[in-house]
Amino acid sequence: MAAETSLSDQDKWEAFVSHAQADPAPPRLTWWKRALHRVIRCESLYALVISVAAAVAFTWPLAAHLDDGVLGDLGDPMLQTYTLAWLGHALKEGLPVFGTNTLWPAPDSLLFSDTLLGYLPAGALIHDQSSALVVYNLLFIASFALAAFSGYVLLRQLGARMAGSAVGAAVFAFAPWTISQFGHIQVLSYGAIALSLAMLARGHGWSLREGFKPERQRPIWILLGWLTALWQFSIGAGLGVPFVYLLAVLALAFALAWLVKRPRLKWGTLAANALGGVTFSLAVLWLADKHAAVAATRPEASRDLDYIQHFSPTWQSFILAPEKSWLWGDAHAAARADLTWQPEQTLLIGFTALALALAGLVWSSWSRTSRWVLGLSILVLTALSLGPNFLDNGAWAWGLLYEYVPGFDAIRTPGRLIIYLTLLVAILAAGTLTHLADRADRIAHLGRIDPRRRGRAPRRVQALFFLPLLLVAVEAVHTDQRHSPPAAPVEFSALEEPILVLPTGGNDGIVQFWSIDGFPDTVNGITAFTPTEYTEIQRRAEGFPSVESVRSLQEAGISTVVVIPQWARGTEWEQLDVDDPPGHVDVERRPGAVVYSLD
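First residue of the sequence shown: -3, per this note's numbering; consecutive thereafter.
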C-alpha cells in the first residue's frame, strides 16, 4: 500500500510539472500595462465619470449654452460671475484681492459677501464677460458633480455597498431643495464637506461599519482631508463657519475615543493631523479676522434675531419642495404661500430619501449605537435649522449659537444647515439598502435564490437595490430655465470713473457683471448688507438730474451717471428729460441708456 501511495504521489507531481511546462505562468506586465489595468478597475474613476454625467443631465441644457445665460435668476449669479472675474483680474494685475471696483468707495467690499476665494485659479481663466459666464457655468455644473462623487466615496468609506452609496450620493447631490439654491453657487459648492470627511476617515483607517483598523492608517489622506476642508472654508463663511465647528466636534469625539480605547496610532497619523490641523486653523483664523474687522467697523452688518427669523424655515419647510420642482412644485404651491422667504424655506430632501432613512433607524447595516447617534444628530440639526422659529423664538437652539458661539451672529440663513441634514439622511438611507443587499447575499449563501451560485446574490437581485435611484432622480427634475443677462448699453471701460448707474437696487448684480469690461470704479453692487457709503450716494442721487443732486454727486466724487430707461419704469426717472440738462453737464443719449458726464 505504501508503494502504491508513493507511486500515486509521484504521478501527481509529474502531472503537475508537465502541466506547468505546457502552460507556463503569464509574463509579468510592464509598468504602463499595470497602471492601465488599475485605471480600468478603479471604482472611483467610474464614480467620477457617472457623477459628471449626472450633473450635466441635472443642469441641462446649461452645458450646451455655457456662454449664454445662467440657471436661476439674474441677481446673485451675476454677482458671483463678477466675483470670479474680479478674483482673476486681481491675481493677474497684482491688486489687493479684497478691494473690488464695485460698491465704491467702500474698502474691502469683497468681504461683504462670500468671497469664493477657493475658485481664484478658475477666475484667472476669465478675460471678458463671455468667458466669465463659461467659467461660472462650468463651476456650477462641477459643484453638483463634486457633491455626487464625494457623497459616494464617503459612503463607501463608511462601509456602504455600491447600491446604497449610489442612492445616498444622489440624495446628497440632487435633493429637491438644491433647486431653490440655483442662484447661490457658494451654497451649492458643499461637495468638499463630504470629500474632506471621506479623506479624514480613510486616513485614520476608520469606517462606520468596521470601526478603527490601525493597519489601514494612511497619513497622506489625513493631510489631504485637512487641505480639502480649508478649500471648502475658503468658498465662503456662510457654509464655512458651521463646517469648522463640525470638524471641532469630530476632533473632540476622536480624542475622547482614543483616551477610552487607546488604539495604536502611527506617528505619521499624529504628524499629519498636527500639520493639517494647524494649517487649517491658521488659515481659518486669518480669514475670520478679515470678516471680523468688517463686522466690528460696520454696525449695518449686524443682524438681530427678528431679521434672521424672516429667512428661517418653519416645521413644514422640510416637506415642501421649491416652486421649480417638476414633481412637487405645483402640489406644494398652497403651502408655500405662507412662507416669508421661499428660496430659504423650501427644504425637501426627498420623500424617497426620507422613507429609506426612516427605515434605516430600524433595519440597517450600521450598528444600533451609530443609528442612535445619527437619529439624535438629525433632531439637533433640525432644531438648529429652524433658527429663531424653534420654540420660544429660538432661545434654546439658534439663540444659544447666536449669543455665545463666534461667527453664528453673522449667519442670516439657518436653513442652510439642510446640507448636513441631507448628508445624515443619505447615510441612513445607504445603511438601509446595504442591509437589504447583505440579507440577499446571506439568503443566496444558503442556496435559497440560486443553488448554483452561493455566497452572493445574482446580479438581477443586486440590480433591484439601485431602483430607488429612479425615484430620487424623478424628485430631482426641475423646470428652471436659462436666463441671459442683457448686453451692456455702454462700454464701461470708456466711461469716466467712478460710475453710478440709476436706478440702483435690484439690477445691481447685472451692473457688476457689466463692469467686468475694464473694472472701472462703480457704485452699484449686491452685498449681504447695505454699506453706509452706498446709502449715502443713493440719498445724493434723489431727484437726479436736478441741480442739487448733480452738485451733491459731484461733491461725492461721481464722474458719470448712467440712467437705464428700461429699468426706470415706475421710478422717479421714468420721464427723464434729456433735452433740458442742468448746467455744466454733458448728456448723451445712447440705445438703452442716457449717459451724464458730471466732470
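Ideal placement from N, C-alpha and C gives every residue a C-beta, glycine not left out.
Assigned with DSSP and collapsed to three states, Phe515 falls in coil, not helix or strand. In the three-state reduction of the DSSP assignment, Arg585 falls in the strand class. Sequence-distant Cβ neighbours of Gly264 in its own chain, meaning closer than 6 Å and more than five residues away, are Pro215.
Excluding five sequence positions before and after Ile218, the CB atoms of its chain that fall closer than 8 Å to its own CB belong to Met195, Leu196, Gly199, His200, Thr265, Ala268, Asn269 and Gly272, given in chain order. For Leu496, the uninterrupted beta strand (DSSP E) segment begins and ends at Ile495 to Leu498. For Val557, the secondary structure class from DSSP, reduced to helix, strand or coil, is strand. Note that the stretch 547 to 563 touches the stretch 490 to 499; at least 3 beta-carbon pairs, one per stretch, sit closer than 8 Å.
In the displayed model, Val358 falls within coil according to three-state DSSP, outside both helix and strand. The beta carbon of Leu44 lies closer than 7 Å to those of Phe145 in the same chain, with the five residues before and after it left out. Contact check for Ile533 against Val421 fails: the beta carbons are separated by 8 Å or more. Secondary structure of Gly84 (DSSP, three-state): helix. Taking each of Val245, Gly325 and Ala289 in turn and checking the Cα distance to Thr475, the smallest one comes out for Gly325.
In this structure the stretch 180 to 187 does not lie against the stretch 470 to 486, because fewer than three pairs of beta carbons, one per stretch, are closer than 8 Å. Scanning Ser366, Arg364, Ser313 and Thr365 for the CA closest to the CA of Glu340 turns up Ser313. Around the C-beta of Ile506, 16 or more other C-beta atoms lie within 10 Å, and the residue is accordingly described as buried.
Under the DSSP assignment, Ile315 falls outside any alpha helix (DSSP H); it carries neither an H nor an E label.
His474 carries a strand assignment under DSSP once its states are collapsed to helix, strand and coil.
Bounds of the alpha helix (DSSP H) holding Ala268 are Trp263 to Thr293. In this structure, Ala225 is the residue among Trp254, Ala251, Ala225 and Phe250 with its C-alpha nearest to the C-alpha of Val240.
By the Cβ test, the stretch 122 to 132 is not in contact with the stretch 424 to 436, since fewer than three Cβ pairs between them sit closer than 8 Å. When DSSP states are grouped into helix, strand and coil, Phe208 belongs to the strand group. Within 10 angstroms of the beta-carbon of Gln228 lie 16 or more other beta-carbons, which makes it buried. Comparing alpha carbon positions, the residue from Pro410, Leu116 and Leu375 closest to Gly90 is Leu116.
Between Leu80 and Asn133, the gap from beta carbon to beta carbon reaches 8 Å or more.
Assigned with DSSP and collapsed to three states, Val131 falls in helix.
About 4 Å separates the CB atoms of Ala169 and Ala143; that is less than 8 Å, so the two are in contact. For Trp222, the secondary structure class from DSSP, reduced to helix, strand or coil, is helix.
Around the beta carbon of Asp334, fewer than 16 other beta carbons sit within 10 angstroms, so the residue counts as exposed.
Residue burial is scored here from C-beta neighbours: Pro73 has at least 16 other C-beta atoms within 10 angstroms and is therefore classed as buried.
Proximity to Ser511 across Ala537, Ala484, Thr348 and Thr523 peaks at Ala484, based on C-alpha coordinates. Distance check between Ala53 and each of Phe140, Ala292, Glu538 and Ser548 places Phe140 closest, using alpha-carbon atoms only. In this model, Pro454 and Gly502 are separated by some 58 Å (Cα to Cα).
Using a Cβ-Cβ distance cut-off of 8 Å, the stretch 301 to 312 and the stretch 388 to 407 are in contact, since at least three pairs of beta carbons, one from each stretch, lie closer than that value. Beta-carbon to beta-carbon, Gly234 and Ile415 are separated by about 11 Å, too far to satisfy the 8 Å threshold.
Less than 8 Å separates the beta-carbon of Leu107 from that of Val290.
Ranked by Cα distance from Ala120, the options Thr98, Leu83 and Thr174 are led by Leu83.
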